[in-house]
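Student: Residue numbers (this note's numbering): -8 to 714.
1. Do you know how far the Cα of residue 360 is from the Cα of residue 404?
2. Taking the alpha carbon of residue 667 as the point to measure from, which residue in 689, 73, 699 has its own alpha carbon closest?
3. Cα separation between residue 270 and residue 165?
4. Please say whether residue 709 and residue 670 have beta carbons closer to each other than 8 Å?
5. What's the C-alpha gap between residue 324 and residue 336?
6. For the beta strand (DSSP E) that residue 236 lies in, which residues bound it at each end?
7. Specify the secondary structure class of residue 15 as computed by DSSP and reduced to three states.
8. Quick one: Cα of residue 420 to Cα of residue 86, how far?
9. Relative to the alpha-carbon of residue 206, which residue among 268, 501, 492, 199 has its alpha-carbon at the smallest distance?
10. Going by beta carbon distance, what residues of the same chain come within less than 6 Å of residue 693, once the five residues before and after it are set aside?
11. Out of 63, 30, 25, 29, state which residue places its alpha-carbon closest to the alpha-carbon of residue 40.
12. Tell me, to the nearest whole angstrom, how far the beta carbon of residue 341 is from that of residue 370; I am working on the premise that it is less than 8 Å.
13. Let me check one thing: in DSSP terms, what residues is residue 674 bridge-paired to?
14. Would the beta-carbon of residue 311 fall within 8 Å of that of residue 305?
15. Compare the beta carbon distance of residue 639 and residue 613 with 8 Å and say whether it is the shorter of the two.
16. Exposed or buried, what is residue 153 when buried is set at 16 or more other beta-carbons lying within 10 Å of its beta-carbon?
17. Going by CA-CA distance only, name the one from 113, 84, 81, 69 that's closest to residue 90.
18. Is residue 583 near residue 544, with beta carbons less than 8 Å apart?
19. Between which residues of its own chain and residue 265 is the CB-CB distance below 7 Å, once the five residues before and five after are set aside?
20. Check whether the segment 595 to 606 and the segment 550 to 566 are in contact - that is, three or more C-beta pairs closer than 8 Å.
21. Just the C-alpha distance for residue 18 and residue 571, rounded to the nearest angstrom, thanks.
22. Rounding to the nearest angstrom, what Cα-Cα distance links residue 579 and residue 552 in this structure?
23. Is the segment 178 to 191 close to the segment 230 to 246, with three or more CB pairs under 8 Å?
24. Which same chain residues, not among the five before or five after residue -2, have their C-beta less than 8 Å away from its C-beta?
25. Return the chain-ordered list of same chain residues with a C-beta closer than 6 Å to the C-beta of residue 525, the five sequence neighbours on each side being excluded.
26. What is the residue span of the beta strand (DSSP E) that residue 196 lies within?
27. Quick one: grab the DSSP three-state call for residue 585.
28. What is the C-beta distance between residue 88 and residue 102, in whole angstroms, given that I count them as a contact (C-beta under 8 Å)?
29. Would you report the Cα separation of residue 471 and residue 111, rounded to the nearest angstrom?
30. Measure the C-alpha to C-alpha separation of residue 272 and residue 380 and round it to an integer number of angstroms.
31. Are the beta-carbon atoms of residue 171 and residue 192 separated by less than 8 Å?
32. Quick one: give me the first and last residue of the alpha helix (DSSP H) that residue 329 is part of.
33. Express the C-alpha separation of residue 619 and residue 83 in angstroms, rounding to a whole number.
34. Once DSSP output is grouped into helix, strand and coil, what is the label at residue 147?
35. Exposed or buried, residue 624, counting other C-beta atoms within 10 Å across all chains shown (16 or more means buried)?
36. Name the DSSP bridge partner or partners of residue 304?
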C-alpha cells in the first residue's frame, strides 16, 4: 500500500471521528466541517564542502551540518522529502502531521490529534555533529614554564606529558535521536473538575568521543621513573552508547476554589558503552609497557534512576493569591563496578527536598505587593567512607566531599503605576543564604600525603547575598514601549569564585511602531561580576601565608550586548528586515602558581604566588538582512544574508606571550568570520502543484587557525504536491 492510498483511507476517517456528522462520501470542505489538506514535497539535495581539510577530518562548518552521500561526506547528492498533513475546522486543528528532512543525519517530525476530550502528541528528531581536525595541545609543557620543574620528579611527573592513544586525527561523531509522545485527558472529560497528562520522552546518543584519564601512582612502572611517570596522562577513542527514558504525569484539579497540581517523573538513564579498565590499555600505545595491568575502571558512567514529585496549591482570597508547594527527588545509582562493591560501596544516592511560598496581593489600589520564600536541601546519601575508594584518611582518595547543600532564598517587591509616562515601576529585593556541609581529607599517616584542605582551596562552606532591583516600563508616546531594569547584588561571603561578591546588571529594551509599515526595536544589556573574597594560604592551621597575609583570588567579568532590528512591510507583497547585534565578554583573574601540588603533607609548605592577571576579551558582531517578495500570485522569492565576526584574545600579558611562543597565535587570539547567504523561490502552477528551490552558501574563515576554514554549498530542488 503506497502513501497516497494510505492517506485516502486514514484522513477521511480522522475527519469523521472529529465530526460525527460528516459522512465519508461528503467532500470535507464545508464551513462547518473539517478541511483536509496534504502537502508532500520530494526533494533532491546537492552539497559540497570546499577548501579546508580532507576527508579524514572535519572543518568548522562540517561539525555542525554533517552531510553524507553514500560513504562520501565531502560532496554528493541525496534524496529527501517533507510531508505536511492537516485536518482543521473553524475551532481548531484536529489533526496535524509534519515531517522535515535535511539529510539522513538531520530530520525531525511531529504529530498531534486534538479531540474534544483527549489529545495525542508525538515527535522525533535526529541530528549528527562531528569533531576532528584540531591538533589539541594538551600538555602544559607546550608553554615554557607551564609546569614547575618539581612536577617532573619521580613522584609527580604525570602532568609533564600527554600520551595520545586515539590514533591522531579521527573524526568523532555523535548521533542524537530524540523521541516521545503524550496523552492528555482534558477537563471536559472530568466535567471541568480536573485534567490528566501523561508524557514519554526519550533520547539515544551513539558515536564516539575523545576521552582523557590519569593513571594512579601504582598503575605505572616505578622502576623507570624518568619515563614511567610520564605515562600517566593519556587519551583514547571512547565509544558512546547512552539511552534515557522519562515518564511523567500531571494531575490538576480545582476543588472548592483551590487550584492543585501534581507532577511526577520517573527517569531512567542507561549507559551501554564499554566499561574500560586500565588493563584495556596495558599492552597498547607508545611505551604502554610502562603501564601495569589492572581491572580499575578508567571512566565509570553509572546507570541511574531519577524519581521526582512536586505538589502545588493556589488559592485566591479576594485580591490576594497565595501559592505554595513541596518537591522531592531522589537520584540513585543502579549499577556498581566490581571494585566499588569490593570496598563496600553499594549505595549511590542523592535526595533533594524543596518548598516554596508565594503571596501576591492587589488589595491596595495604589500598589501591588509580592513576597516569596524558597527552601532547598540536597543530601548526599551515598556510601561513605569506602576504604580504598573514597576515604578521608587515605591521601588523594578524597579532596572534598559535599555532604549537604542547604539554601534559603526570599524576596519582596512592590509595583506602582504612576501616571507619568504611563509607567509601571517595580521595586524589589532578593536574599539568599546557602550552607554546605563538607568533609575534607584528614591526610595519610602512612604516605604523608594530605588532600586539598580548605585553606588551600577556593571553596568555602557559606554564601550569603542580597540583591536589589528596579523594573521600569514606560509608554512615553503611542506605539513606543521602554523597559529599564537595573539591579545590584552584594555578598560579603561566597562559596565559589564563580559566585559574585558584587554584581551590577542593567537590562534595557525599546520597541517602537513608527507607522503601519516600519517597526524598530533595540536593546542594551550590561553585567559586571566581581569576586575577591576567596583566598589561598600555604598553612593548614592558620589562614595566613609565610609573610603573614592571604593571597586573594580576584576575578572581574564584564559582559555587554546591544543590538537593533528594523522591520519594513510596505505592502502585502514585500517584507524586509535588518538587524545588528554586538556582544563582548571581558574576563580577568589572577594566574596563580605554586611550588608543588596542593596534595601535600602539612609539613610541606605550598607557596602560592601571582604571576599575572591575564585578560580574556572577545567581541562578536552579527549583521543580518532578510526579505520576502511575492512577485505575483504564483511566484515568491526569499533571501537572507548573515555576517558574524569575532575578534579578541584569550589572554594578555605574560600568559599571552607564553602562548604565542609555543603555538603562535593559535591559542592566544580569536579572529574568525562566518558568512551565510540563502536564496529561495517557490512557483505555484496551481493549488495542487508547487515547484520549490533553494541555494545556501556558508563560508567560515579563521585567520588564526586556517585548518578550520572552508565553505559549504547546498542546493535543494523539490516539488510540493497538494491533495
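Ideal placement from N, C-alpha and C gives every residue a C-beta, glycine not left out.
Keep in mind that this is a model prediction, so the values were computed, not measured.
Tutor: The answer reads as follows:
1. The residue given as residue 404 occupies position 413 in the chain shown. The residue given as residue 360 occupies position 369 in the chain shown. If you take the alpha carbons of residue 404 and residue 360, they lie about 6 Å apart.
2. In the chain shown, counting from the first residue as 1, residue 667 sits at position 676. Among 689, 73, 699, the Cα nearest to that of residue 667 is on 689.
3. Locating residue 270 in the chain shown gives position 279, where the first residue counts as 1. Locating residue 165 in the chain shown gives position 174, where the first residue counts as 1. If you take the alpha carbons of residue 270 and residue 165, they lie about 26 Å apart.
4. For the purposes of this step, residue 670 is taken as the residue at position 679 of the chain shown. For the purposes of this step, residue 709 is taken as the residue at position 718 of the chain shown. Cβ distance not < 8 Å, so residue 670 and residue 709 don't count as in contact.
5. One-based indexing of the chain shown puts residue 324 at position 333. One-based indexing of the chain shown puts residue 336 at position 345. C-alpha separation (whole angstroms): 11 Å.
6. As a position in the chain shown, residue 236 is number 245, starting the count at 1. Residue 236 -> beta strand (DSSP E) spans 224 to 244.
7. Looking up residue 15 in the chain shown gives position 24. At residue 15 the pLDDT is 32, less than 50, meaning the model places this residue with poor confidence; the figure from the coordinates comes in the next sentence. Note: residue 15 maps to coil in three-state DSSP.
8. Numbered from 1 along the chain shown, position 429 holds the residue referred to as residue 420. Numbered from 1 along the chain shown, position 95 holds the residue referred to as residue 86. Whole-angstrom Cα-Cα distance: 47 Å.
9. The residue given as residue 206 occupies position 215 in the chain shown. Cα-wise, what sits closest to residue 206 is 268.
10. Stepping through the chain shown from its first residue, residue 693 is reached at position 702. Taken in chain order, the residues that qualify are 663, 699, 700.
11. Position 49 of the chain shown, counting from 1, holds the residue named residue 40. Cα-wise, what sits closest to residue 40 is 63.
12. Along the chain shown, read from residue 1 onward, the residue named residue 341 stands at position 350. Along the chain shown, read from residue 1 onward, the residue named residue 370 stands at position 379. Right, their Cβ atoms sit about 7 Å apart.
13. Here residue 674 is taken as the residue at index 683 of the chain shown, counted from 1. Per DSSP, 626, 682.
14. Your numbering for residue 311 matches position 320 in the chain shown. Your numbering for residue 305 matches position 314 in the chain shown. No, the pair does not count as a contact, with Cβ atoms beyond the cut-off.
15. Here residue 639 refers to the residue found at position 648 of the chain shown. Here residue 613 refers to the residue found at position 622 of the chain shown. No, Cβ-Cβ distance for residue 639 and residue 613 is not below 8 Å.
16. Within the chain shown, the letter at position 162 stands for residue 153. Burial call: buried.
17. Numbered from 1 along the chain shown, position 99 holds the residue referred to as residue 90. Considering only alpha carbons, the answer is 113.
18. Counted from its first residue, the chain shown places residue 583 at position 592. Counted from its first residue, the chain shown places residue 544 at position 553. In contact: residue 583 and residue 544 (Cβ atoms closer than 8 Å).
19. Within the chain shown, numbered from 1, the residue matching residue 265 stands at position 274. Contacts found: 230.
20. no
21. Within the chain shown, the letter at position 27 stands for residue 18. Within the chain shown, the letter at position 580 stands for residue 571. Low local confidence applies: a pLDDT of 36 at residue 18 is under 50, so the model's placement there is unreliable, and no value is given.
22. Here residue 579 is taken as the residue at index 588 of the chain shown, counted from 1. Here residue 552 is taken as the residue at index 561 of the chain shown, counted from 1. C-alpha separation (whole angstroms): 18 Å.
23. yes
24. Looking up residue -2 in the chain shown gives position 7. Its pLDDT being 35, under 50, residue -2 is placed unreliably in this model, and the coordinates cannot settle the point.
25. The sequence position of residue 525 within the chain shown is 534, counting from 1. Contacts found: 449, 488, 544.
26. Within the chain shown, residue 196 is the residue found at index 205, counting from 1. Residues 185 to 205.
27. As a working note, residue 585 is residue 594 in the chain shown. Strand, per DSSP.
28. If you number the chain shown from 1, residue 88 lands on position 97. If you number the chain shown from 1, residue 102 lands on position 111. Indeed, because the Cβ distance is near 5 Å, the residues count as touching under 8 Å.
29. On the chain shown, position 480 is the one that residue 471 refers to. On the chain shown, position 120 is the one that residue 111 refers to. One C-alpha to the other measures close to 41 Å.
30. On the chain shown, residue 272 is found 281 positions in, with the first residue counted as 1. On the chain shown, residue 380 is found 389 positions in, with the first residue counted as 1. Each residue's alpha carbon lies about 21 Å from the other.
31. One-based indexing of the chain shown puts residue 171 at position 180. One-based indexing of the chain shown puts residue 192 at position 201. In contact: residue 171 and residue 192 (Cβ atoms closer than 8 Å).
32. Here residue 329 corresponds to residue number 338 of the chain shown, with the count starting at 1. It spans 329 to 333 - the alpha helix (DSSP H) in which residue 329 sits, taken as one unbroken run.
33. For the purposes of this step, residue 83 is taken as the residue at position 92 of the chain shown. For the purposes of this step, residue 619 is taken as the residue at position 628 of the chain shown. The straight-line gap from Cα to Cα measures roughly 28 Å.
34. In the chain shown, counting from the first residue as 1, residue 147 sits at position 156. Because residue 147 sits at a pLDDT of 48, beneath the cut-off of 50, its placement in the model cannot be relied upon, and the following sentence gives the value as read from the coordinates. Looking at residue 147 - three-state DSSP - the assignment turns out to be coil, as it is neither helix nor strand.
35. By one-based count along the chain shown, residue 624 stands at place 633. Exposed: under 16 other Cβ atoms inside 10 Å.
36. Taking the chain shown and counting its residues from 1, one reaches residue 304 at position 313. Note: residue 304 sits in a beta bridge opposite 251, 315.
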